[in-house]
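Single-structure report; data block below.
Numbering (the working numbering), first residue to last: 1 to 154.
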């Protein structure tokens, strides 16, 4: 077995929501990159509308990982599905990715909306969203997913 990858955050979420909840995400927040980075690390980023952001569910307890099938949001109307079908903190590494809208770049502060991470969240990677790298072909989803996320965004 290989050694685990050790990574450190490159930034932190500033502002926005302070506690995680299931729905009504989308307000403004800042991704504040490490002040030790030269400002050139974001040169050209403002030309993009959206980012791909990798972050950590830092308020989740490691013992809250759920390696089994369960009903999304404990709703018995939705079928039990496995850990890797859910997009929440119960994942083994408790990592997530989001695709927020980039409003502006101010030095090493990335002003965004539609980031579903909370104030203080460690950021592990940021990249521009490239349309050409989105899924190709038809995208299949389960029927319960659209119902569950009806109120996800503000």
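Every residue gets a Cβ at the ideal spot worked out from N, C-alpha and C, and that includes glycine.
Look at residue 41 here: in three-state DSSP terms it is helix. In this structure, residue 26 keeps its C-beta atom at 8 Å or more from the C-beta atom of residue 144.
Looking from the CA of residue 87, the closest CA among 149, 131, 35 belongs to 149.
According to the DSSP assignment, residue 127 belongs to the beta strand (DSSP E) that extends over 122–128.
No Cβ-Cβ contact shorter than 8 Å links residue 135 with residue 114. Within a 10 Å sphere around the beta-carbon of residue 72 sit 16 or more other beta-carbons, which makes this residue buried.
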